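J.:
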Amino acid sequence: MKQQHLTLIKYLTLREIKARYKQSFLGLFWVVLNPFFQMLILSFVFSKIMKVGGLGVPYPIFLYAGLLPWTFLANGLASSMGSLVANASLIKQIYFPRQILVISTLLAKAFDFCLAFIIFLLLMIYFKLTFTWYMLLFIPIFLIQFLFTYALSLLLAAFNLFYRDVQYLFNLVLTLWFYLTPVIYATEFFPARYRIIFKLNPMAVFINAYRQVLLGGSWPNFISLSIGVGLSVVLWLIVQHLFQKLESVFADVV
Amino acid sequence: MAPNEATIVFDRVNKFFYLQYQKTLKELVQALFFKEKTIEKIHALKDVSFSLKKGETLGIIGPNGAGKSTLLKLIAGVSGPTSGQVKVSGRITPLIELGAGFHPELTGRENIFLNGVILGLTERYIRSKLEEIVAFSEINPEFIDMPVKHYSSGMYLRLAFSVAVFTQPDILLVDEILAVGDTAFQKKCLDKMAQFQKEGVTIVYISHSMDQVRQFCHRVIYLNKGEIKYDGKPEKAIDYYLNDIKHHS
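Sequence lines, in order, name chains A and B.
By our numbering, the letter at position 227 of the first sequence is numbered 209, and the numbering carries on one by one without gaps.
By our numbering, the letter at position 189 of the second sequence is numbered 359, and the numbering carries on one by one without gaps.
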């Protein structure tokens, strides 16, 4: 990729980040508060009312470790889906690789992820959990999740140019997907014979891996993770190819 | 680049695109169910060939839907030809929708950098030209660190125009920008474009104002229903076009 394209990514990402923080009074805090309050409410329901236990760590932090990557996926897809339509006037008059618009939107969401991760560290201190070197593995896991999210984003952003109501369908799918992913529960709650669905769901693989390295103080399950990596790479290659084929008609349809 | 060398070449270019009747999946499903038309193939440019030399100013006239904007999109490289070849060499600066990359929440200064980078400038170049860009936009330097949402529409346009003209273009694509902005802004644009003309910048100019086309262009293409009806002297092209309008009304 050319230097100029990297500069463009930098400026478009900064545009996303700055614009959002200037818009609202609470600015940066919204990003952090949103998953935090979600965590508080869900924790109350599941640990006080339904008395979920036996996780080895307090439920709130177990939950937060799953909410964090899920929020990145959900928010990343929701905002990058509209990224091409929102920049229609640019697409119509000046050429640069269109993926740049998608990747910048996603990078701005990655920034949110990092902020929300600080809360995770504070929670670890609050619950007196021990910090281990394994925790650093969350960085490569996040990079894999980023690739996976990016591939889906490209697909949805392109599709949204042709049919603008894709997002309603997407919301429905996302809700189902949420319940089939171990965010609010652990995979162990499921009977063993059904657990195969978690192996084929990359989000389940990523969330389990995050929990293993952040809370379990151990290596992630490399077999599951390599399936996740494989699926992400294959999806990305296919979508990238499709995206480049469609790119020349984007300006005709927006 | 040597003078007189062609900077834009269209060789038997055809452009089709599909007009989508339904913009949502919901409508699409309904249309499929009732066997309605879903897409229509449009022949937007028919066998278009021409070449433009460096420093020429080409006007493009024709009724709405003639394919003028499609032609501009092919030159800008944002849309590809269905068949035929398009060759364009040199740095292109579009003056089409001014301030397309602006964000209302960002300051004037931030938007200068953002738009400059979108137009292909380096950060270092923008930094070195910053004062000149602000001066040319005639915006009070006090306002430059204010979000552009507080700008008047005139200030907004002037800032966007100012960034665009500092890109050192080889080719300028102009589509009806003079329709926006007040008289002072129009004069500023025309003056700057005349200066570009003198400096040997190639200009492609779409306008509905025959006076401006007559005053400004060396050569005019009259486009109708995707076909070149006339390519040559501005006077003749305009006569031809106005004649066609008369006969149809």
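The beta carbon of each residue, even a glycine, is placed where N, CA and C say it ideally should be.
Remember, it's a predicted structure, so these values are computed and weren't measured experimentally.
Have a look at R297 of chain B and G278 of chain B and give me their C-alpha separation to the nearest angstrom.
T.: 14 angstroms
J.: So what does DSSP say about E274 of chain B, is it helix, strand or coil?
T.: One detail in the question is off: residue 274 of chain B reads as Pro in this sequence, not Glu. Three-state DSSP puts P274 of chain B in coil, outside helix and strand.
J.: Can the beta-carbon of L59 of chain A be found closer than 9 angstroms to that of F152 of chain A?
T.: For L59 of chain A and F152 of chain A, yes; Cβs fall inside 9 angstroms.
J.: Beta-carbon within less than 8 angstroms of L143 of chain A's beta-carbon, same chain only, minus the 5 sequence neighbours each way: which residues are those?
T.: So the list reads L66, V67, F232, V235 and V236, once near-sequence residues are dropped.
J.: Where does F336 of chain B sit, in a helix, a strand or coil, going by DSSP?
T.: coil
J.: Determine, using beta-carbon pairs with one atom in the stretch 132 to 149 of chain A and one in the stretch 214 to 225 of chain A, whether at least three such pairs fall under 8 angstroms.
T.: Verdict: yes, contact present.
J.: Using 9 angstroms as the threshold, is the C-beta distance between H378 of chain B and I178 of chain B below it?
T.: no
J.: I want to see whether chain A comes within less than 9 angstroms of K193 of chain B, judged by CB atoms only; does it?
T.: yes
J.: Between Q75 of chain A and A270 of chain B, is the Cβ-Cβ spacing less than 9 angstroms?
T.: yes
J.: Along chain A, which residues have their Cβ under 8 angstroms away from the Cβ of K196 of chain B?
T.: D147
J.: With distances taken between CB atoms, is the gap from F93 of chain A to I189 of chain A smaller than 9 angstroms?
T.: Between F93 of chain A and I189 of chain A, the C-beta spacing is not below 9 angstroms.
J.: If you draw a straight line from the alpha carbon of K223 of chain B to that of P264 of chain B, how long is it in whole angstroms?
T.: 18 angstroms
J.: Would you tell me roughly how many angstroms separate the C-alpha atoms of V218 of chain B and T208 of chain B, rounded to the nearest one?
T.: 28 angstroms
J.: I believe I398 of chain B touches F220 of chain B by the beta-carbon criterion, under 8 angstroms. Please report the beta-carbon distance rounded to the nearest angstrom.
T.: 7 angstroms
J.: List, in order along the chain, the chain B residues whose C-beta lies closer than 8 angstroms to that of L230 of chain A?
T.: In the sequence as displayed, the identity of residue 230 of chain A is Ser instead of Leu. In chain order: S249 and G250.
J.: By how many angstroms is the C-alpha of I245 of chain B removed from the C-alpha of I373 of chain B?
T.: Distance between the alpha carbons of I373 of chain B and I245 of chain B: 11 angstroms.
J.: Going straight from the alpha carbon of F172 of chain A to that of G35 of chain A, what length do you get?
T.: 14 angstroms
J.: Can you list the residues of chain B that V235 of chain A reaches, using a CB-CB cut of under 9 angstroms?
T.: Ordered by position in chain B, the residues that pass the 9 angstroms Cβ test against V235 of chain A are F187, Y188 and Q190.
J.: Does the Cβ of C96 of chain A have 16 or more other Cβ atoms within 10 Å, making it buried, or fewer, making it exposed?
T.: exposed
J.: Along the chain, where does the alpha helix (DSSP H) containing T353 of chain B start, and where does it finish?
T.: T353 to K368
J.: So H273 of chain B contacts chain A; which residues on that side make the cut at Cβ distance below 7 angstroms?
T.: Chain-ordered, the chain A residues with CB closer than 7 angstroms to the CB of H273 of chain B read R(-3) and A1.
J.: Which term fits L88 of chain A, buried or exposed, when burial requires 16 or more other beta carbons within 10 angstroms of its beta carbon?
T.: buried
J.: For Y392 of chain B, tell me which candidate among B:P404, B:D381, B:F386 and B:S249 has the shortest Cα-Cα distance.
T.: B:P404
J.: Report buried or exposed for S62 of chain A, applying the criterion of at least 16 other Cβ atoms within 10 angstroms of its Cβ.
T.: Under this definition S62 of chain A is a buried residue.
J.: Please name the residue or residues paired with D345 of chain B in a DSSP beta bridge.
T.: B:I376
J.: Using the Cα positions of L162 of chain A and P51 of chain A, report the straight-line distance between them to the nearest angstrom.
T.: Distance between L162 of chain A and P51 of chain A, taken at the CA atoms: about 15 angstroms.
J.: Which of the residues in the stretch 61 to 79 of chain A, read from start to end, lie with their CB under 7 angstroms from any CB of chain B?
T.: S71, L72, I73, K74, Q75, I76 and Y77
J.: Give the residues of chain A in contact with P317 of chain B, contact being defined as C-beta atoms less than 8 angstroms apart.
T.: Those are K4, listed as they occur along chain A.
J.: So, does the CB of T(-11) of chain A fall closer than 9 angstroms to a CB anywhere in chain B?
T.: yes
J.: Can you name the residues that DSSP bridges to K223 of chain B?
T.: B:A176
J.: Anything in the stretch 280 to 292 of chain B with a Cβ closer than 8 angstroms to a Cβ of chain A? List those residues in chain order, please.
T.: E280, F283, L284, V287, I288, L289, G290 and T292
J.: Three or more beta-carbon pairs under 8 angstroms between the stretch 175 to 195 of chain A and the stretch 112 to 126 of chain A, yes or no?
T.: yes
J.: How close, in whole Å, do the beta carbons of F26 of chain A and I166 of chain A come, if the pair is a contact with beta carbons under 8 angstroms?
T.: Incorrect: roughly 12 angstroms between the Cβ atoms, too far for contact.
J.: Closer than 9 angstroms, CB to CB, is A270 of chain B near chain A or not?
T.: Chain A, which has a Cβ nearer than 9 angstroms to the Cβ of A270 of chain B, makes this yes.
J.: Which term fits N285 of chain B, buried or exposed, when burial requires 16 or more other beta carbons within 10 angstroms of its beta carbon?
T.: For N285 of chain B, the number of other beta carbons within 10 angstroms of its own is at least 16, and it is reported as buried.
J.: Give me the subset of the stretch 150 to 184 of chain A whose CB atoms are less than 8 angstroms from a CB atom of chain B, sorted by chain position.
T.: L151
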